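Asker: Taken in sequence, the protein lines are chains A and B.
Residue numbers for the first sequence follow this note's numbering, beginning at 605 and rising by one.
Residue numbers for the second sequence follow this note's numbering, beginning at 34 and rising by one.
For every residue, glycine included, the Cβ atom is placed at its ideal position computed from N, Cα and C.
Since we're looking at a predicted model, the values are computed, not measured.
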Amino acid sequence: MSTVHHHPTDETLGSFAAGRLDEARAVVIATHAALCADCARAISDFEAIGGQCLEEVEPVAMADDALEKILARAGNAASVVLRQTPDAPGPEVKLPLSAYLKGSIDDVEWKRVAPGLSQSVIEAQGYRQGVLRLLKIDPGTEMPKHSHKGNELTLILRGAYEDEIGDFGVGDLADLDGEYTHTPKAIGDEPCICLIATEAPLKFKTLVGRIAQPFIGL
Amino acid sequence: MPQMEDHLSRVAQDGDRQAFAELYAHFAPRIKGFLMRGGATPEEAEDLAQDTMVKVMNKAKLFDPAKASASTWIFTIARNARIDAIRKASKPSLDGEDPALMPEEAPRADVTCELKERDARIRSALGVLSADQLTVMRLHFYEDEPHSVIAEKLDLPLGTVKSRLRLAFEKIRKELGDLA
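#1: Once DSSP output is grouped into helix, strand and coil, what is the label at residue 723(A)?
#2: Could you tell me the boundaries of the beta strand (DSSP E) in which residue 751(A) lies?
#3: Buried or exposed: where does residue 691(A) fall if 16 or more other Cβ atoms within 10 Å of its Cβ makes it buried?
#4: Taking three-plus beta-carbon pairs below 8 Å as touching, is the segment 716-727 of chain A in contact with the segment 753-771 of chain A?
#5: If I'm right that residue 610(A) touches residue 777(A) with Cβ under 8 Å, what's the distance once you round it to whole angstroms?
#6: Do we get a CB-CB distance below 7 Å when we pair residue 672(A) with the residues of chain B?
#7: Check distances from the C-beta atoms of the segment 172-189 of chain B to those of chain A and list, in chain order, the residues that come in under 7 Å.
#8: Can you give the Cα-Cα distance for residue 67(B) and residue 661(A), rounded to whole angstroms?
#9: If the cut-off is 8 Å on Cβ atoms, which residues from the segment 58-71 of chain B count as contacting chain A, listed in chain order?
#10: Since residue 77(B) meets chain A, which of its residues come closer than 7 Å, beta carbon to beta carbon?
#11: So that I know if they touch, is there some Cβ in chain A lying closer than 7 Å to that of residue 161(B)?
#12: My parser needs the alpha helix (DSSP H) runs of 4 or more residues fully inside the segment 609-637 of chain A; what are they?
#13: Nearest chain A C-beta to residue 193(B) closer than 7 Å, yes or no?
#14: Between residue 622(A) and chain B, is there a C-beta pair that is closer than 7 Å?
#15: Can a CB atom of chain B be found closer than 7 Å to the CB of residue 576(A)?
#16: Please classify residue 708(A): does DSSP put it in a helix, a strand, or coil?
#17: Would you mind telling me which residues of chain B sit closer than 8 Å to residue 677(A), beta carbon to beta carbon, in chain order?
#18: Using a Cβ-Cβ cutoff of 8 Å, what residues of the segment 647-658 of chain A are near chain B? List them in chain order.
#19: Taking 7 Å as the CB-CB cut-off, is residue 200(B) touching chain A?
#20: Smallest Cα separation from residue 751(A): which of 674(A), 716(A), 802(A)?
#21: For residue 732(A), does the three-state DSSP call read helix, strand or coil?
#22: From this set, 676(A), 663(A), 708(A), 742(A), which residue's C-alpha is nearest residue 75(B)'s C-alpha?
#23: Is the Cβ-Cβ distance between residue 108(B) and residue 658(A) less than 7 Å?
#24: Three or more C-beta pairs under 8 Å: does that hold for the segment 192-199 of chain B against the segment 160-170 of chain B?
#25: Find the residues of chain B that neighbour residue 665(A), judging by a C-beta separation of less than 7 Å, and give them in chain order.
#26: Going residue by residue through the segment 644-679 of chain A, where are the continuous alpha helix (DSSP H) segments of at least 4 residues, counting only ones entirely within it?
#27: Residues of chain B with CB closer than 7 Å to the CB of residue 768(A), please, in chain order.
#28: So residue 229(B) packs on residue 59(B), CB below 8 Å; how close in whole Å?
#29: Between residue 143(B) and the rest of its own chain, which residues show a CB-CB distance below 8 Å, the 5 nearest in sequence each way excluded?
#30: Taking the alpha helix (DSSP H) that residue 76(B) belongs to, which residues open and close that run?
#31: Tell me, please, whether the CB atom of residue 712(A) is closer than 7 Å to any CB atom in chain B?
#32: Mind checking whether residue 171(B) and residue 656(A) have CB atoms under 7 Å apart?
#33: Have a look at residue 62(B) and residue 760(A) and give me their C-alpha separation to the nearest angstrom.
#34: Do you know how far the Cα of residue 672(A) is from the Cα of residue 48(B)?
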């Protein structure tokens, strides 16, 4: 058994398999799947449904010269090189996330947004709207109570936090919908570093949270 | 349909054009149909189907018949080509060969076993879904529109679409023995 206890919902895994997630959430799910064999397996299963849909669909005739064009383009196959992501030092090596970071998590430039809370926004808005960021919560720090407009995925990369749902450690993923309100608090001795993807900005429940929001930029 | 896997292996070995033509004849019109069913215009679907087949040729070496069937592997390439197209449309400066997010190129030793077998079992697993669940499941894969749009098209509340989908995924994972 793996040590991961909290997983994405089947709906989220199925959306990833179908290619429906925004880029931000896709990075989080791909990273979780690299850490969680069970979810990697579920994604493969759901991709096989996609393969089955492809078999079942009504075929539509291609243009007369399509095969010729494809062969001409593929003919330059000498240029095909398998991309290799350079190995970064540290335990997060080779995660899909690595491709989005300039170095390892140790090299991230943090921006302090509130006492005990730092973040780093990651550029991942290539397709469909979404926000991807790393959040560092110092030990003992509690985030202001908030809910989300739309789906939010939080993957723990280092440390741990606890909230109304339970304890979250490395590899665990919280898959929360808009109605859910929570108050995560970092536990243990080291800062908790999370990778968070949101469909849309957070909604804070408290006045302090709402006042801080423009500064946090969430 | 083991011959499609054989064709792919021959393309991978020495770029066999005859084998590729067989793959093209079977899959290209299906990819085009798939994309049109998802709302693409015939022109967009034609272009994307061609892009996908170019990638199938160039990436054939990455195909592992122990991991997935040809149709599942080609589905993931078509899916990623559609994502690339959306990405290019929203950021024309990008070349579309950005760091890939999708697990297509990252086989994991611990999940590769029995995948081929599971691919065949997925077909029978789909058989346990109700007609309503199957409809929603298919649209989930074909359509590029959000679930709210699918709900509108089916004239159903969004919550109903989501719960049907959730139950369908759960049934399939149970059927495949993913879940205890």
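Answerer: Straight from the coordinates:
#1: Mapped onto the first sequence, residue 723(A) falls at position 119. Correct three-state label for residue 723(A): strand.
#2: Sequence index remark: in the first sequence, residue 751(A) carries index 147 (1-based). Unbroken beta strand (DSSP E) run through residue 751(A): 750-752.
#3: For the purposes of this step, residue 691(A) is taken as the residue at position 87 of the first sequence. Legend: pLDDT at residue 691(A) = 42, less than 50; position of this residue unreliable, no value from coordinates given.
#4: No contact exists between the segment 716-727 of chain A and the segment 753-771 of chain A.
#5: As a working mapping, residue 610(A) is identified with position 6 in the first sequence. As a working mapping, residue 777(A) is identified with position 173 in the first sequence. Contact check for residue 610(A) and residue 777(A): beta-carbon distance about 6 Å, within the 8 Å limit, so the pair qualifies.
#6: Within the first sequence, residue 672(A) is the residue found at index 68, counting from 1. Against chain B, the CB of residue 672(A) has no partner CB under 7 Å away; the residue lies outside that interface.
#7: Look at the segment 172-189 of chain B: the residues with a C-beta under 7 Å from a C-beta of chain A are 173, 174, 175.
#8: Position 34 of the second sequence, counted from the first residue, corresponds to residue 67(B). Position 57 of the first sequence, counted from the first residue, corresponds to residue 661(A). When rounded, the distance between both Cα atoms is 6 Å.
#9: Contact residues of the segment 58-71 of chain B toward chain A are 60, 61, 62, 63, 64, 65, 66, 67, 69, 70 (C-beta to C-beta distance below 8 Å).
#10: If you number the second sequence from 1, residue 77(B) lands on position 44. Under the 7 Å cutoff, chain A gives no residues; its nearest Cβ is about 12 Å from residue 77(B).
#11: Residue 161(B) sits at position 128 when you count from the first residue of the second sequence. Not closer than 7 Å to any Cβ of chain A, the Cβ of residue 161(B) fails to qualify, so no.
#12: Within the segment 609-637 of chain A, the complete alpha helix (DSSP H) runs of at least 4 residues are 614-622.
#13: Working through the second sequence from its first residue, we reach residue 193(B) at position 160. It does not: the Cβ of residue 193(B) has no partner Cβ on chain A nearer than 7 Å.
#14: Here residue 622(A) is taken as the residue at index 18 of the first sequence, counted from 1. Interface residue, yes.
#15: Here chain A has residues from 605 to 822 only, and residue 576(A) is not among them.
#16: For the purposes of this step, residue 708(A) is taken as the residue at position 104 of the first sequence. The DSSP-derived three-state label of residue 708(A) is coil.
#17: Indexing the first sequence from 1 puts residue 677(A) at position 73. Ordered by position in chain B, the residues that pass the 8 Å Cβ test against residue 677(A) are 83, 87.
#18: From the segment 647-658 of chain A, only 647, 648, 649, 650, 651, 652, 653, 654, 655, 656, 657, 658 have a Cβ closer than 8 Å to chain B.
#19: Position 167 of the second sequence, counted from the start, is the residue given in the question as residue 200(B). Answer no: the Cβ-Cβ gap between residue 200(B) and chain A never drops below 7 Å.
#20: Residue 751(A) sits at position 147 when you count from the first residue of the first sequence. If you compare the alpha carbons of 674(A), 716(A), 802(A) with that of residue 751(A), the shortest gap goes to 802(A).
#21: The sequence position of residue 732(A) within the first sequence is 128, counting from 1. In the structure shown, residue 732(A) sits in coil (DSSP, three-state: anything other than H, G, I, E or B).
#22: For the purposes of this step, residue 75(B) is taken as the residue at position 42 of the second sequence. Nearest neighbour of residue 75(B) by Cα position, chosen from 676(A), 663(A), 708(A), 742(A), turns out to be 663(A).
#23: In the second sequence, the residue the question calls residue 108(B) occupies position 75. In the first sequence, the residue the question calls residue 658(A) occupies position 54. Contact: yes.
#24: The answer is yes - the segment 160-170 of chain B touches the segment 192-199 of chain B, with three or more Cβ pairs under 8 Å.
#25: The residue labelled residue 665(A) in the question sits at position 61 within the first sequence. Within chain B, the residues whose beta carbon sits less than 7 Å from that of residue 665(A) are 62, listed in sequence order.
#26: Correct list: 670-678.
#27: Numbered from its first residue, the first sequence carries residue 768(A) at position 164. Chain B residues near residue 768(A): none, gap ~22 Å exceeds 7 Å.
#28: Nothing can be reported for residue 229(B), as the shown portion of chain B is limited to 34 through 213.
#29: For the purposes of this step, residue 143(B) is taken as residue 110 along the second sequence, with counting starting at 1. A caution first: residue 143(B) carries a pLDDT of 46, below 50, which makes its placement in the model unreliable, though a value can still be read off. Answer for residue 143(B): no residue qualifies.
#30: On the second sequence, residue 76(B) is found 43 positions in, with the first residue counted as 1. According to the DSSP assignment, residue 76(B) belongs to the alpha helix (DSSP H) that extends over 75-92.
#31: As a first step, residue 712(A) is located in the first sequence; it is residue number 108 there, counting from the start. Residue 712(A) does not count as touching chain B.
#32: Here the question's residue 171(B) lines up with position 138 in the second sequence. Here the question's residue 656(A) lines up with position 52 in the first sequence. No, Cβ-Cβ distance for residue 171(B) and residue 656(A) is not below 7 Å.
#33: Against the second sequence, residue 62(B) aligns to sequence position 29. Against the first sequence, residue 760(A) aligns to sequence position 156. Their backbone Cα atoms lie some 43 Å apart in a straight line.
#34: Along the second sequence, read from residue 1 onward, the residue named residue 48(B) stands at position 15. Along the first sequence, read from residue 1 onward, the residue named residue 672(A) stands at position 68. One C-alpha to the other measures close to 15 Å.
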